[in-house]
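Under full-length UniProt numbering, the sequence shown has 163 at position 163, and the numbering climbs by one with no breaks.
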Amino acid sequence: MIKSMTGFGKSVSQLPTKKITIEIKSLNSKNQDLNARIPSFYREKELELRNLVAQKLQRGKIDFSLYVELNGEETSSSINTDVVKQYMKQLQAVTPDAAPIELLKIATRLPDALKTERDEIDEEEYQTILGGLNEALNAIETYRADEGKVLKEDFELRIKNISSNLEEVITIDPERMQGVRERLTKAVSDLKAEVDENRFEQELTYYLEKYDITEEKVRLNNHLEYFISSLNSEDSNGKKLAFISQEMGREINTIGSKSNYAPMQQIVVRMKDELEKIKEQLLNVL
1 MIKSMTGFGK SVSQLPTKKI TIEIKSLNSK NQDLNARIPS FYREKELELR NLVAQKLQRG
61 KIDFSLYVEL NGEETSSSIN TDVVKQYMKQ LQAVTPDAAP IELLKIATRL PDALKTERDE
121 IDEEEYQTIL GGLNEALNAI ETYRADEGKV LKEDFELRIK NISSNLEEVI TIDPERMQGV
181 RERLTKAVSD LKAEVDENRF EQELTYYLEK YDITEEKVRL NNHLEYFISS LNSEDSNGKK
241 LAFISQEMGR EINTIGSKSN YAPMQQIVVR MKDELEKIKE QLLNVL
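Structural data, given as structure tokens:
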């Protein structure tokens, strides 16, 4: 089952003194591009959290954010009273007429006005974070799977359309080859020159072989079948599907260059149009 690289997952965990929110968003990308926003208090766990996200989501442009909202009963920062007093004393000397409240506003914004008391991460709290992360990851995986179902239906429609066009190519191919033969025969007769019939037939056969598209028709049909079987496999492999689509395009282009027949070239244009839609959507497949 294919999956989209586009998705969103969120979880909210309520602790006695804080609320922890985890959000994960992903968009399409050739490789994995993971950007993490984590409060400094949890930096020592960042690598482990990033690895969990990377292993689960595999590929895409991923934004992982962890937010902590304190409920007021607990704070990790406090005013560095001695430092603030020194700042206010110096500011008072520079601007003696300034109101104390204004000086206090300035002083609290200056370096070291606040001191952070860093405690060890509580294990129970960290387990809550891991649980929330798994919840968000499961949510984004569900989102990706649902998007994948929509993409799969679109791919099946495009492949069906290309297959139908290929059937048209197969149907009119004998007519095309007969037309090429007749044009060459007429061109030679218009020259009003005597030719060796055996030699002419040999040259005609050689010429017609250059326009033969039997191999291209067979290979294109095989690629179409392989695309569908890969689409229905258990793993989502967008890069594999992209490679198959490139091979499909190679055969379609060859059919177009060899056709030398307007009705068939019109069919080829339709196949190319369907294939371009497939390639565009494949950019979103995991």
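No residue lacks a Cβ here, since even glycine has one placed at the ideal position from N, Cα and C.
| Query | Result |
| --- | --- |
| If you reduce the DSSP assignment to three classes, tell me which class Leu47 lands in. | helix |
| Mind pulling the alpha helix (DSSP H) runs of 4 or more residues that sit fully within the UniProt domain "Endoribonuclease YicC-like N-terminal" (2 to 152)? | 46 to 57, 81 to 94 and 100 to 107 |
| Can you tell me the Cα-Cα spacing of Pro174 and Glu234, whole angstroms? | 40 Å |
| Can you tell me whether Ile79 is buried or exposed? The criterion is at least 16 other CB atoms within 10 Å of its CB, across all chains shown. | exposed |
| Any idea which residues DSSP pairs Val285 with across the strands? | Ser4 |
| Taking Ile213 as part of the alpha helix (DSSP H), name the residues at either end of that continuous run. | That residue, Ile213, is in no alpha helix (DSSP H); it is neither H nor E in DSSP. |
| May I have the straight-line CA-CA distance separating Gln178 from Ile172, to the nearest angstrom? | 10 Å |
| Give the secondary structure of Tyr226 by DSSP, where H, G and I count as helix, E and B as strand, and everything else as coil. | helix |
| Just reading off the alpha helix (DSSP H) that Ser245 is part of, what are its end residues? | Gly238 to Ser259 |
| So is Thr81 buried or exposed if we call it buried at 16+ other beta carbons inside 10 Å? | exposed |
| Taking the alpha-carbon positions, what's the Tyr261 to Arg176 distance? | 6 Å |
| Run through DSSP, which three-state label would Asp173 get? | helix |
| In this structure, does DSSP put Asn165 in helix, strand or coil? | helix |
| Could you check what DSSP says for Asp235 in three-state terms: helix, strand or coil? | coil |
| For a quick check, are the C-beta atoms of Ala107 and Tyr87 less than 7 Å apart? | yes |
| Express the C-alpha separation of Leu57 and Arg158 in angstroms, rounding to a whole number. | 27 Å |
| Just to confirm before moving on: does the CB-CB distance between Val169 and Ile24 stay below 7 Å? | no |
| Report, in whole angstroms, the separation of the C-beta atoms of Ser245 and Leu220, which I expect to be a contact under 8 Å. | No, Ser245 and Leu220 are not in contact; Cβ-Cβ is about 12 Å, not under 8 Å. |
| When the Cα of Ile140 is compared with those of Asn71, Ser29 and Ile22, which residue comes out closest? | Ile22 |
| What number of angstroms, rounded off, separates the C-alpha of Met271 from the C-alpha of Asn165? | 7 Å |
| As a quick exercise: from Gly131, Phe243, Val68 and Ile101, pick the residue whose alpha carbon is nearest that of Thr17. | Val68 |
| Are the beta-carbon atoms of Ala136 and Ser11 separated by less than 7 Å? | yes |
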